[in-house]
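Each remark here refers to the structure printed beneath this line.
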Amino acid sequence: MSEISEVSKFLAHTTPFNQLPAAQISRLTRHFTVYYYQAQELVPAETNRLLIVRTGVFSLYSDQQQLLAKLQEGDFYGYQRLLTELGDHDQLRCEEDGLVYWLDQQSFHQLRHQFKNFDIFFQRLFSRRLHQYQEQQHNNRFTLKIDDIIHHRKVTIAPEQNVQTAAALMTEQRVSSLLVEEQDKLVGIVTDRDLRSRVLAKDLPASTQVCQIMTRQPHHIDRHAYLFEAVQLMSRHNIHHLPVMDNNVSCSMITATDIIRAQQDHPVYLIGQIHRQQTVDGLEQCSLQIKTLAIVMGKQQVPAAEASHILTTLTDALTQRLIQLAQIKLGNAPCVFSWLAFGSQARMDQSLNADQDNALLLEKEPVAEIADYFQALAEFVCQGLARCGVKLCPGNIMASNDELRLSLKGWSTRFARWIGTPTPAALLNASIYFDLRVIEGSRGLFNALQQDILARTVNNDLFLLHMAHTALERTAPLGFFKNFILEPDGHHKQGLDLKKRGISLLTDIVRVYALSAGITQINTRARLQQLAKLQLIETKQMQNLLDAFDVLSQLRFDKHVHELQQDHDVTNLLDPAHLSGLQRHQLKDCFNVINAAQQSLRYRFCREL
Amino acid sequence: MPLLPNQRKVRKWLSRLQLPDWRTLAQQLNFSRKLTLKVPVSDIIQQFDKIPAADPRLNIADCRFVVIDIETTGLNAKTDYIVSIGWVVIQAQEIVLANAKHHLIATPVSVGQSAVFHGVHDHHLTSARDLSEVLSEFLSDFAGAVFVAHHANIEQQFITVACQRLFGKAPKLRFVDTMALEWQRLQQHGKVVKNQDLQLNACLQRHHLPTSQQHHALADAYSCALLLLCQLKQSRDPNLQLADLYKMAKM
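From first to last, the protein sequence lines are chains A and B.
Under our numbering, the first residue of the first sequence is numbered 183, with each subsequent residue one higher.
Under our numbering, the first residue of the second sequence is numbered 23, with each subsequent residue one higher.
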């Protein structure tokens, strides 16, 4: 009855209080006191209470007077001391007049004991690790595991048995594939498709041994893995059967049909379908399904990293098929070539609004008919991709650009110029070229180029200094909730650019480290893991950067999927008003991680030479 | 159980008179009995007046404020009734929500039209308390405190009249009026002040303070307390004394 509704309403919208039952919040308000801070006023450090910012802005400074964070509506202070009973030397100063709520020590601890999520929230906040705890899962359909859908029934055959026995066994057991085992060890698999294409079509006798036609060392999956991991493995390798392992011993088989049955709406065959298309029209039709696939992945909470991987795989498949179609139309290529992708496609973290960044690497100098042929091929592929929803690059970084069809020597000279005499302006435009991957054509040719580039960048202090400077050009917004870092997108909309102000900053940082160490991985997550393995960055920092990368990618992916569902334009501009309390905290943590990483990058690469 | 014909007649008669049900009626009878008996100066007022008012030389930070808001059936303290009372306490410049209180008051008549404003309808009044009880509690808890209200005239008049009726004598209450403080502040900034500029919600918005449901006695008392905290800080005088505050709140 005597509850202040203004206070309880606020708490009901603030993480982690919003996890408490309503009646609890109502009782809880009676334990609060309310204080008004004026700008420049210091918050006493020796307080054994939890502070919650209601309005205004507060700045947290380290004992060296370095700005650590800006606290705004819904942020907390004092939990450190409450959790550890040790003071720290941070100083909190009011920047803009504001109200704060104080919660007494006893109530704080009582809530921690009573509500696990409440405790976890502050523990994580305290350890300054990204608190990625999921709001309670209401639907476990999204987190199905392999174990949840398979029958524990294994149908096996010995490798020296003949294919007729295999076919009989499959018919009898009504299965489409067999595990081939030798002394209880999985050595291969045989599918009914193998019997057709590797036996019947090749006119082999029924007495042919299974080991002659089986797929050796097949991809497999653990029974405790998530279902979407199987989906991903299948779509990445374009396969339909996966042996399921329990402690490295096979226990069952999972098929694409099993997965479709479990997840009715998952178009797992899309890649296969792309590779079967004979016309650009057909590819365009296929590409329409990508939107549905993305929405399904969003619904099934496929992690953004996996989803981007799948999306990239689809773009790869479209590109590969278009190159093949181009060759059917134009005849075989006059020389060996590699189709290169740059940027996000190269890093395999393509988003739903990515545009094309590609080029051609040629075995021979592009002159005369070689030049004409590849110009036609590039035009065909780039226009084809555009029809399939991968927009043309506004910066004209495309193979259809004459400047971007070069021989190994041509590319090598160009990279040498960027690397040898770096200017900030040139590097800003060139940094995208340093993430490159071969999509189709000769891998050897590509490897030669990659080795050539890495040989020039490793331990090249001047180049790395300039790359680092470029990576430090932009910073993450510390206090963007007060609207001062929101940027216009040209359509009179404002928001926080998740790519420019977040994801790109991270990939830029990681790229500098990767180039300095000569790491061949291109994917940001893979680069980070490799860097930590080589002990070039601390494991803890690697973990933080990985988490920040995942959080940002997830936010962007979820946003894009939402926009797709609403038939809106897919953009990277995020309206902070649409964030939940938890997301705001995560985002701030991400920015803090990025800031810290930029500091170490500066320390590492930008010292006086 | 079906009503007897004459019971039904009585009900009809009562409703035509716009009188509330028997319970409220009984309370009214009780209430008027107290009026006619002319209760002598009750202990409540004596006790209250015995405790000295807050020393005007007190530093603001050491004052105990009680911020009060009442909702009434109208603006005339003599003819209208108190419908609800809410108050919050400020100690050491912090609003202590544990001491916040909200009481619905049993009125001798239907709250009728005024319910549109304060949202207290007749059916709420079953949990209502006797005004004398509430005022006794209030006066014994807050003797010696500094009283605060927004547009304090209303609170002062209604409490004074109610105490005279209930206890035969009014306590000596001195109010700090946040509306007057706001008026002074705006005047000093050379602004032309219109009436609506001084309404509680307008003041909150001007100071970027959270606004809430208006015309709820406790919500308004809380809002008024927020406004006072802000006004005290904006005086920019760490040695501000209670006497200065009284002076500033003169209209």
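All C-beta atoms in this analysis are idealised placements derived from N, C-alpha and C, irrespective of residue type, glycine included.
N430/A carries a coil assignment under DSSP once its states are collapsed to helix, strand and coil.
Along the stretch 288-301 of chain A, there is no position whose C-beta sits under 7 angstroms from a C-beta of chain B. If you look at C276/A, you'll find it in the beta strand (DSSP E) that goes 273-278. Just measuring C-alpha positions, the residue of F304/A, L326/A, D690/A sitting nearest L647/A is D690/A. Listed along chain B, no residue sits closer than 7 angstroms to T657/A by beta-carbon distance, the nearest being about 28 angstroms off.
Within chain B, L119, A120, A122 have C-beta atoms less than 8 angstroms from the C-beta of R212/A, given in sequence order.
In chain order, I601 place their CB closer than 7 angstroms to the CB of N642/A, counting only its own chain and leaving out the 5 sequence neighbours on each side. Note on geometry: alpha-carbon atoms of M724/A and I701/A lie some 15 angstroms from one another.
Listed along chain B are E116, I117, V118, L119, each with a C-beta nearer than 7 angstroms to that of T215/A. For the set N299/A, S244/A, Q305/A, the Cα lying nearest the Cα of Y261/A is the one of Q305/A. For C252/B, the chain A residues whose C-beta falls within less than 7 angstroms of its own C-beta are Y218, listed in chain order. Secondary structure within the stretch 203-253 of chain A: the alpha helix (DSSP H) runs of 4 or more consecutive residues, fully enclosed, are 204-210 (chain order). Residues of the stretch 252-270 of chain B whose Cβ lies closer than 7 angstroms to any Cβ of chain A, in chain order: C252, K255. Cα atoms of H237/B and H195/A: separation of roughly 24 angstroms, rounded to the nearest angstrom.
Look at V413/A here: in three-state DSSP terms it is helix.
The CB of P78/B never comes closer than 9 angstroms to any CB in chain A; the least such distance is about 23 angstroms. Counting C-beta pairs closer than 8 angstroms gives three or more between the stretch 193-212 of chain A and the stretch 288-299 of chain A, which meets the contact rule.
DSSP links K327/A through a beta bridge to Y408/A. For Y218/A, the CB contacts under 6 angstroms within the same chain, skipping 5 residues up- and downstream, are L281 in chain order.
Every alpha helix (DSSP H) of 4 residues or more that sits fully in the stretch 672-705 of chain A is shown, in chain order, as 686-699.
Residues are counted here when their Cβ sits less than 8 angstroms from a Cβ of chain B; for the stretch 611-624 of chain A the count is zero.
Between the alpha carbons of L507/A and M479/A lies a gap of roughly 29 angstroms. Counting only residues of its own chain and dropping the five nearest sequence neighbours on each side, N535/A has a CB closer than 6 angstroms to the CB of V752. The three-state reading of DSSP puts F87/B in strand, counting E and B together. Within the same chain, Cβ atoms closer than 8 angstroms to the Cβ of R656/A are found at K682, R683, S686, L687, the five residues on either side in sequence being excluded.
By the Cβ criterion, the stretch 781-789 of chain A is not in contact with the stretch 571-590 of chain A, since fewer than three pairs of Cβ atoms, one from each stretch, lie closer than 8 angstroms. In chain order, R569, C570 place their CB closer than 7 angstroms to the CB of E466/A, counting only its own chain and leaving out the 5 sequence neighbours on each side. Around the beta-carbon of T497/A, 16 or more other beta-carbon atoms lie within 10 Å, marking it buried. 8 angstroms or more divides the Cβ of I112/B from the Cβ of L262/B. Rounded to the nearest angstrom, the gap between the Cα atoms of E159/B and S184/A is 15 angstroms.
Listed along the chain, the chain A residues whose CB falls inside 7 angstroms of the CB of S234/B are S187, E188. For the set Q210/B, S245/B, Y103/B, the Cα lying nearest the Cα of I176/B is the one of Y103/B. DSSP places T266/A in the helix class (H, G or I) of the three-state scheme. Contact annotation: L193/A and V225/A have beta-carbon atoms that are not nearer than 8 angstroms. For the options V549/A, M580/A, Q394/A, the alpha carbon positioned closest to that of E561/A is the one of M580/A. Exclusion of the five residues before and after L654/A leaves Q780, L783, R784, C788 as the residues of its chain whose Cβ lies within less than 8 angstroms of its Cβ.
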